[in-house]
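What follows is a short report on a single structure.
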Amino acid sequence: MNGNIYGKYQELYRKYPGGTGAWFLYLYQRKRLEKRNNLMKYPKGTLLLAKFRDNEQNQGHVAIVMDEQHLIHARPDVSFANKDKVKNHGSVQIEPLSKMHDYTHVCYPEKWLILD
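Each residue of the sequence shown is one higher than the one before, starting from 173 at the first, in the numbering used here.
Next up, the structure:
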């Protein structure tokens, strides 16, 4: 990604690269995102994304389709409000694809596993 985001958020994501908001905007600006279709089966390696909204309540989310039945993602074990009280904030989890209802967009593997 290397800070290759343009527009009003360019400086913000240069300072904080690699987060959910940066990935969403980077892929969106390059027309690599599609709206998620509940009837579709997505191939292994597809990114599932929920758009970053704010720092307090909804920081967005990213997961990867692992196989026909599972997704893999990092899930917080503590609330954002309590993040400073604990050392470890979460874990990587494998969950059923039925948990993908929060995701609004997808990016196929061939559209994000490429170099610009």
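Glycine residues also receive a C-beta, built at the ideal position from the N, C-alpha and C atoms.
Bear in mind that the values here come from a model prediction, so they are computed numbers and not experimental data.
Exercise. Under a three-way DSSP split, which group does residue 240 fall into?
Worked result: On the sequence shown, position 68 is the one that residue 240 refers to. Residue 240 sits in coil when the DSSP states are folded into three classes, being neither helix nor strand.
Exercise. From 257, 266 and 256, pick the residue whose C-alpha is nearest to that of residue 246; which is it?
Worked result: Residue numbering aside, residue 246 sits at position 74 when the sequence shown is read from its first letter. With distances taken between CA atoms, residue 246 lies nearest to 266 out of 257, 266 and 256.
Exercise. Would you say residue 278 and residue 202 are within 8 Å of each other, going by their C-beta atoms?
Worked result: Stepping through the sequence shown from its first residue, residue 278 is reached at position 106. Stepping through the sequence shown from its first residue, residue 202 is reached at position 30. No, they are not a contact pair.
Exercise. By the 10 Å Cβ neighbour count, where 16 or more other Cβ atoms means buried, how is residue 285 classified, buried or exposed?
Worked result: As a position in the sequence shown, residue 285 is number 113, starting the count at 1. With fewer than 16 other Cβ atoms within 10 Å, it is exposed.
Exercise. Looking at residue 283 and residue 243, is the spacing between their C-beta atoms short of 8 Å?
Worked result: Position 71 of the sequence shown, counted from the start, is the residue given in the question as residue 243. Position 111 of the sequence shown, counted from the start, is the residue given in the question as residue 283. Taking 8 Å as the Cβ cut-off, residue 243 and residue 283 do not qualify as a contacting pair.
Problem set entry | Buried versus exposed, by CB contacts within 10 Å (16 or more), residue 273 | Against the sequence shown, residue 273 aligns to sequence position 101. The residue in question, residue 273, is exposed, as its Cβ has fewer than 16 Cβ neighbours within 10 Å.
Exercise. Which term fits residue 193, buried or exposed, when burial requires 16 or more other beta carbons within 10 angstroms of its beta carbon?
Worked result: Along the sequence shown, read from residue 1 onward, the residue named residue 193 stands at position 21. Per the 10 Å Cβ criterion, buried.
Problem set entry | Option in 210, 219, 180 and 214 with minimal Cα separation from residue 195 | Here the question's residue 195 lines up with position 23 in the sequence shown. For the residues 210, 219, 180 and 214, the minimum Cα distance to residue 195 belongs to 219.
Exercise. Taking the C-alpha atoms as reference points, what is the distance between residue 199 and residue 240?
Worked result: By one-based count along the sequence shown, residue 199 stands at place 27. By one-based count along the sequence shown, residue 240 stands at place 68. One C-alpha to the other measures close to 24 Å.
Problem set entry | N-terminal and C-terminal residue of the beta strand (DSSP E) that residue 211 is part of | Translated into the one-based positions of the sequence shown, residue 211 becomes position 39. First-last for residue 211: undefined, no H or E at that position.
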